[in-house]
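K.L.:
Here's a structure for you.
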Amino acid sequence: MRHVHTRLRIPFLIAPLLAATPTFSAELPWLARVDGCTHEVTSALLEHGIVVSQRLGDVGLLFADATLPPILERLGCTFAVLDADANLHEHYLVRDDAARLEAARPPLRLLDRVDGTAIVALPRGDVARLLELGVEIQKLFRTPMRLPRLRPATWRDADVASSSAFIHALVEGVSADSLQAFVSTLEAFGTRNATKPQSHAAAQWLAAKFRSYGIDDVQIRTWSTTYPGNVVATIPGRVAPKDVYLVGGHYDSVAPEQKLEPGADDNATGTASLLECARLLAPHEFAATLRIVAFSAEEYGLVGSEAYAARAASSGENILGMINLDMLGYLAPHDRLDLDLITNSPSTWLRDAAREVAATYVPDLPVVNGKLLRGTSDHASFWRHGFHAIFLHEDSTQPSPFIHTMDDVTGLSYNNPELHALCTQATVALLSTLAGAVEVPVVLHSFSLHREADAVRLIWKLAPAVRIQLASVGVQRAETEAGPYARLGGALPATRSEFVDLDAPATHVWYRLALRHRDGTESFTSSMGAKAYTTRTALDGVESASHDGSIRIRFRVASGAGRLRLGIYDVRGRLVRRLVDATLAPGDYLQTWDRGDVRGRTVARGIYFVHLRSLDARSTRKLAVQGR
Ligand SMILES: [Zn+2]
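Counting in our numbering, the sequence shown runs from 67 upward without gaps.
Here is the structure:
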């Protein structure tokens, strides 16, 4: 290990005037340690274009060259060159475990130690030697860190105070069985080591799972030829799509020199929680955008999350908060079941929000402020690029001792599915609170009645956000629209979307749905009339619904109507939204338009036209849409 010390002091305010032009970072020959690298000094160095890679407390780790000393002298900082041939090496931060590091063989070099963290150097591409030590590693990247952003102006602590039936229903949707099934599928890859082909297969599987939940925007974003990409699934916001809340966790695994690298707890648990979040949140709408990211190559030094965070920072992605999920399924003997929240000081608001939300929606899960004694994880990449991030972890003092071995399996290392499910519930609650659930969605997307011989078949589609809040659905019939309505049969499960009324009178009758909510209250959908018989296809009525501002379009379809297209057009005849394009069974229909255009944006107030076209009919109705 080599050191160079200088002790000159001059006021640092004039520093910007003397800014030096930085050399291209790959060639910077030095890895230097700067003491007294406070927030102000860091910001001055970054302004100078100095590559401050990482800060450990007030110790800065920089990639630099001979232009550095005069700048530091002006800033009154002392420094040491830890590696004078840094451009030939890769550098990592690892937990300062003397026994393991003593066992470290050249060419791995221990350069320095800072508060329990060791700084080591390795020839480029030789990281496997470090992994053999079985420690968590964090790569020192040659891109400058960023200063923390300000807390999002849009966030008010009060936002977590109120509880919502919708979010309670979402949280109750978390399934321990589903989580365990995901973990065992990920384990079954045998390995998800980022340098092995199975990891690519795991990425493909994850992308397919995200798509299967109805998420359109799913990408595998690669940044290197060495490792598979990050799997990125996006649920676009309806109100503030540029505001992003991100939940992530790494899907790769490692167990050096062992046949199998199952990584059940580390980190099939976190990855499984990402899938469960996607399964539950994808059907719903949120004000802000939700991004779910499975990171690659975390075990090789947070490489995947660094690639993501660096790109997000340089492309201006407005990530307001990042939630990292890593190791959520192990409980040490005699330890209390709880969730550890790890944060840095700029992200404290996010940690406090997580604590409050967990108390509201997951009261069975005690939450503690954790402090990592060893290792790190993908949240650190977001801290490095100035984003606010928190880390949800099984336990910072007694995490699974089986990680990075072939014993990281279900039953041994992943030994507490209840903890896993509760942590996932807390994550679902936090994400939907942060992103702002779009409350009062359109209740009934569509409702249709079909006369079949002496029966009437009812088919309906409820908004997912409503359906999950329901205990049951009932069907009611009346002779006139105003009622009185009589219940037909018993309560149906909320997932049902069809019912056949075998005693339907041949005359014109009316139907509606009775929605029994989990809180015991009951509400009714708008009613639909089943005419005695339908002779011709036509639009029957267009009206706006007072309670949710949606537009209800009633039409009837006669047999032989063929392909039917129902659309909304603006005054210039341009298609704003296609609502139906199908061959429908004869019957009476109600279709709801939520005033969204093809891109899901709410249309401006004004005059629009509802146009129906089929083989046997063409009809149009004018419609006035009120204020946006
Ligand atoms: Zn991990």
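Note that CB positions come from ideal geometry on N, CA and C, so glycine has one too.
Determine the extent of the beta strand (DSSP E) in which residue 327 is found, giving its start and end residues.
P.N.:
As a working note, residue 327 is residue 261 in the sequence shown. Looking at the DSSP string, residue 327 is not in any beta strand (DSSP E), and its letter there is neither H nor E.
K.L.:
Is the beta carbon of residue 333 within less than 7 Å of some heavy atom of ligand 1?
P.N.:
Residue numbering aside, residue 333 sits at position 267 when the sequence shown is read from its first letter. Yes, the beta carbon of residue 333 sits closer than 7 Å to at least one heavy atom of ligand 1.
K.L.:
Taking only runs that begin and end inside the segment 507-587, name each unbroken alpha helix (DSSP H) of 4 or more residues, in chain order.
P.N.:
Listed in chain order, the complete alpha helix (DSSP H) runs (minimum 4 residues) inside the segment 507-587 are 530-533.
K.L.:
If contact is defined by three or more beta carbon pairs under 8 Å, each pair taking one atom from either stretch, is the segment 349-369 in contact with the segment 421-437?
P.N.:
No, because fewer than three Cβ pairs between the segment 421-437 and the segment 349-369 fall closer than 8 Å, the two stretches do not touch.
K.L.:
How would you call residue 185, buried or exposed, if buried means at least 16 neighbouring beta carbons within 10 angstroms?
P.N.:
Sequence index remark: in the sequence shown, residue 185 carries index 119 (1-based). Its Cβ being crowded by 16 or more others within 10 Å, residue 185 is buried.
K.L.:
Could you round the C-beta distance between residue 561 and residue 510 to whole angstroms and report it? I think they count as a contact, below 8 Å.
P.N.:
In the sequence shown, counting from the first residue as 1, residue 561 sits at position 495. In the sequence shown, counting from the first residue as 1, residue 510 sits at position 444. Contact flag wrong, Cβ pair sits at about 15 Å.
K.L.:
According to the Cβ coordinates, are residue 344 and residue 249 closer than 8 Å?
P.N.:
For the purposes of this step, residue 344 is identified with residue 278 of the sequence shown, where counting begins at 1. For the purposes of this step, residue 249 is identified with residue 183 of the sequence shown, where counting begins at 1. It is not a contact, given that the beta carbons lie outside the stated cut-off.
K.L.:
Looking at ligand 1, does it come within less than 7 Å of residue 388, judged from the CB to the closest heavy atom?
P.N.:
Against the sequence shown, residue 388 aligns to sequence position 322. Checking every heavy atom of ligand 1 against the Cβ of residue 388, none is found closer than 7 Å.
K.L.:
Could you check which residue in 305, 361, 325 and 502 has the C-alpha nearest to that of residue 341?
P.N.:
Residue mapping note: residue 341 aligns to position 275 of the sequence shown, counting from 1. That would be 361, whose Cα lies nearest to the Cα of residue 341.
K.L.:
Tell me which residues share the same chain as residue 279 and place their Cβ nearer than 7 Å to its Cβ, disregarding the 5 neighbours each side in the sequence.
P.N.:
By 1-based counting over the sequence shown, the position of residue 279 is 213. Closer than 7 Å at Cβ, skipping near neighbours: 344, 345 and 348.
K.L.:
Would you kindly work out how many angstroms separate the C-alpha atoms of residue 310 and residue 651, rounded to a whole number?
P.N.:
As a working note, residue 310 is residue 244 in the sequence shown. As a working note, residue 651 is residue 585 in the sequence shown. Going from the Cα of residue 310 to the Cα of residue 651 covers about 42 Å.
K.L.:
So, helix, strand or coil for residue 483, using DSSP?
P.N.:
In the sequence shown, the residue the question calls residue 483 occupies position 417. Residue 483 falls in the helix class under three-state DSSP.
K.L.:
In terms of residue numbering, what span does the beta strand (DSSP E) encompassing residue 620 cover?
P.N.:
Here residue 620 is taken as the residue at index 554 of the sequence shown, counted from 1. Its beta strand (DSSP E) spans residues 617-623.
K.L.:
With hydrogens ignored, establish whether the beta-carbon of residue 392 is closer than 7 Å to any heavy atom of ligand 1.
P.N.:
Within the sequence shown, numbered from 1, the residue matching residue 392 stands at position 326. Within the cutoff, so yes.
K.L.:
Taking the C-alpha atoms as reference points, what is the distance between residue 374 and residue 359?
P.N.:
Walking along the sequence shown from the start, residue 374 turns up at place 308. Walking along the sequence shown from the start, residue 359 turns up at place 293. Taking the straight line joining both Cα atoms gives about 9 Å.
K.L.:
Output the boundary residues of the beta strand (DSSP E) element that contains residue 431.
P.N.:
Position 365 of the sequence shown, counted from the start, is the residue given in the question as residue 431. Neither: residue 431 is in no beta strand (DSSP E) and is coded neither H nor E.
K.L.:
Counting Cβ pairs closer than 8 Å, one from the segment 399-415 and one from the segment 496-503, do we hit at least three?
P.N.:
Contact between the segment 399-415 and the segment 496-503 is absent, because fewer than three Cβ pairs lie under 8 Å.
K.L.:
What is the DSSP secondary structure of residue 475, reduced to helix, strand or coil?
P.N.:
In the sequence shown, counting from the first residue as 1, residue 475 sits at position 409. In the structure shown, residue 475 sits in coil (DSSP, three-state: anything other than H, G, I, E or B).
K.L.:
If you draw a straight line from the alpha carbon of residue 293 to that of residue 260, how long is it in whole angstroms?
P.N.:
Position 227 of the sequence shown, counted from the first residue, corresponds to residue 293. Position 194 of the sequence shown, counted from the first residue, corresponds to residue 260. Cα to Cα, the separation comes out at about 5 Å.
K.L.:
Does the beta-carbon of residue 316, which I'm using as the reference point, lie nearer than 7 Å to any heavy atom of ligand 1?
P.N.:
For the purposes of this step, residue 316 is taken as residue 250 along the sequence shown, with counting starting at 1. At least one heavy atom of ligand 1 is nearer than 7 Å to the Cβ of residue 316, so yes.
K.L.:
On the DSSP letters alone, give me the boundaries of the alpha helix (DSSP H) that residue 427 sits inside.
P.N.:
In the sequence shown, the residue the question calls residue 427 occupies position 361. Start and end: 414-427.
K.L.:
Give me the Cα-Cα distance between residue 163 and residue 238, rounded to the nearest whole angstrom.
P.N.:
As a first step, residue 163 must be located in the sequence shown, where it is residue number 97. As a first step, residue 238 must be located in the sequence shown, where it is residue number 172. The alpha-carbon atoms of residue 163 and residue 238 are separated by roughly 42 Å.
K.L.:
Output the boundary residues of the alpha helix (DSSP H) element that contains residue 270.
P.N.:
In the sequence shown, the residue the question calls residue 270 occupies position 204. First-last of the alpha helix (DSSP H) with residue 270: 263-278.
K.L.:
Could you please give the first and the last residue of the uninterrupted beta strand (DSSP E) stretch that includes residue 307?
P.N.:
Position 241 of the sequence shown holds residue 307. 306-316 is the span of the beta strand (DSSP E), which, as asked, contains residue 307.
K.L.:
Which residues share a DSSP beta bridge with residue 183?
P.N.:
By 1-based counting over the sequence shown, the position of residue 183 is 117. 161 and 180, per the DSSP bridge assignment.
K.L.:
What does the alpha-carbon distance come out to for the pair residue 198 and residue 306?
P.N.:
For the purposes of this step, residue 198 is identified with residue 132 of the sequence shown, where counting begins at 1. For the purposes of this step, residue 306 is identified with residue 240 of the sequence shown, where counting begins at 1. The straight-line gap from Cα to Cα measures roughly 46 Å.
K.L.:
Pull up the distance between the alpha-carbon of residue 93 and that of residue 387, whole angstroms please.
P.N.:
Against the sequence shown, residue 93 aligns to sequence position 27. Against the sequence shown, residue 387 aligns to sequence position 321. C-alpha separation (whole angstroms): 34 Å.
K.L.:
Please report the Cβ distance between residue 657 and residue 471, rounded to the nearest whole angstrom; I am assuming they are in contact, meaning their Cβ atoms lie under 8 Å.
P.N.:
In the sequence shown, the residue the question calls residue 657 occupies position 591. In the sequence shown, the residue the question calls residue 471 occupies position 405. With 8 Å as the limit, residue 657 and residue 471 do not qualify as a contact, their Cβ atoms being about 57 Å apart.
K.L.:
Determine the extent of the alpha helix (DSSP H) in which residue 237 is found, giving its start and end residues.
P.N.:
Counting from 1 along the sequence shown, the entry for residue 237 is found at position 171. 231-238 is the extent of the alpha helix (DSSP H) around residue 237.
K.L.:
Around the C-beta of residue 603, are 16 or more other C-beta atoms found within 10 angstroms, so that it is buried, or is it exposed?
P.N.:
The residue given as residue 603 occupies position 537 in the sequence shown. Label assigned to residue 603: buried.
K.L.:
With respect to the beta strand (DSSP E) encompassing residue 96, which residues constitute its N-terminal and C-terminal limits?
P.N.:
As a first step, residue 96 is located in the sequence shown; it is residue number 30 there, counting from the start. Segment 96-101, the beta strand (DSSP E) holding residue 96.
K.L.:
Looking at C-beta atoms only, is the number of pairs between the segment 104-113 and the segment 131-151 that lie closer than 8 Å three or more?
P.N.:
With the cut-off at 8 Å, the segment 104-113 and the segment 131-151 touch.
K.L.:
Report the rounded CA-to-CA distance for residue 618 versus residue 384, giving the unit in angstroms.
P.N.:
By one-based count along the sequence shown, residue 618 stands at place 552. By one-based count along the sequence shown, residue 384 stands at place 318. Cα-Cα distance, rounded: 36 Å.
K.L.:
For residue 214, I'd like the list of residues in its chain whose CB is within less than 7 Å of its CB, leaving aside the five on either flank, ordered along the chain.
P.N.:
Position 148 of the sequence shown holds residue 214. Only 412 and 452 meet the Cβ criterion.
K.L.:
Could you tell me whether any non-hydrogen atom of ligand 2 is closer than 7 Å to the CB of residue 443?
P.N.:
Within the structure as shown, ligand 2 is missing, the only ligands being ligand 1.
K.L.:
Can we count residue 364 as close to ligand 1, meaning its CB is less than 7 Å from some heavy atom?
P.N.:
Indexing the sequence shown from 1 puts residue 364 at position 298. Yes, since a heavy atom of ligand 1 falls inside the 7 Å radius drawn around the Cβ of residue 364.
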